[in-house]
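Single-structure report; data block below.
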Amino acid sequence: MSDLLFLRRAIELAREHSAGGRGGPFGALVVCRGEVAGEGWNQVVEEADPTAHAEIKAIREAARRKGTHLLDDCVLYASCEPCPMCLAAIYWARIPRVVFAGRSEDAGAVGFDDAVIARELRLSWEERRIESRQALREEALGVLQEWKENPEREEY
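Written out as structure tokens, the structure is:
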């Protein structure tokens, strides 16, 4: 299958699962070595889960099917440019390539505006709108150091 066929499938998932009005108009696939390893569509309302975006659902399914959190031999196809949360998940999964149809400003024009989140992420934690407070840093550093020194750790 070509990029355009996979991308059309992502758009089809978006259309199919948003037609009833409960799902957002987003679909995604993770394709590994030419085979679909995961499909997803927006299920935020349906699952009462703000992280149930199409890309996240597709990544979770692909990782489960492959038996690994590393998807470095895969491509993610999305009906729209991934939001900041989904983009972070793509980086964590080590997906090296993303092909998308709509742009973030297209989604923003119909009510899915993530520009505020993107701006907030560029700020330090002290400057963000969400109140943040740091405490017990030394205790947390101890746990981090213990993990670093554990010869059985699996890095990711």
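Numbering (my numbering), first residue to last: 4 to 159. Ideal placement from N, C-alpha and C gives every residue a C-beta, glycine not left out.
What is the rounded straight-line gap between the Cα of residue i and the Cα of residue j?
i	j	result
residue 38	residue 57	18 Å
residue 85	residue 46	15 Å
residue 148	residue 156	12 Å
residue 68	residue 75	14 Å
residue 105	residue 17	11 Å
residue 83	residue 145	41 Å
residue 116	residue 72	29 Å
residue 150	residue 159	12 Å
residue 96	residue 62	8 Å
residue 112	residue 121	16 Å
residue 28	residue 53	15 Å
residue 131	residue 123	6 Å
residue 19	residue 143	45 Å
residue 138	residue 41	39 Å
residue 110	residue 91	18 Å
Following the continuous beta strand (DSSP E) through residue i, name the residue where it begins and the one where it ends.
i	result
residue 58	Counting along the chain, residue 58 falls outside any beta strand (DSSP E), though it belongs to the alpha helix (DSSP H) covering 57–69.
residue 41	38–44
Hey, out of the options, whose CA is closest to residue i's CA?
i	options	result
residue 55	65, 43 and 66	43
residue 59	122, 118, 93 and 123	93
residue 103	30, 152 and 23	30
residue 99	143, 41, 142 and 33	33
residue 36	5, 51 and 23	5
residue 11	138, 64, 89 and 80	80
residue 133	140, 141, 119 and 90	119
residue 24	154, 129, 49 and 141	49
Helix, strand or coil: how does DSSP classify residue i here?
i	result
residue 100	strand
residue 30	strand
residue 146	helix
residue 78	strand
residue 83	strand
residue 105	strand
Under 7 Å from any heavy atom of the ligand GDP, does the C-beta of residue i make it?
i	result
residue 70	In the structure on display, the ligand GDP does not appear, and there are no ligands present to speak of.
Counting along the chain, where does the alpha helix (DSSP H) carrying residue i start and finish?
i	result
residue 119	118–124
residue 20	6–21
residue 48	47–50
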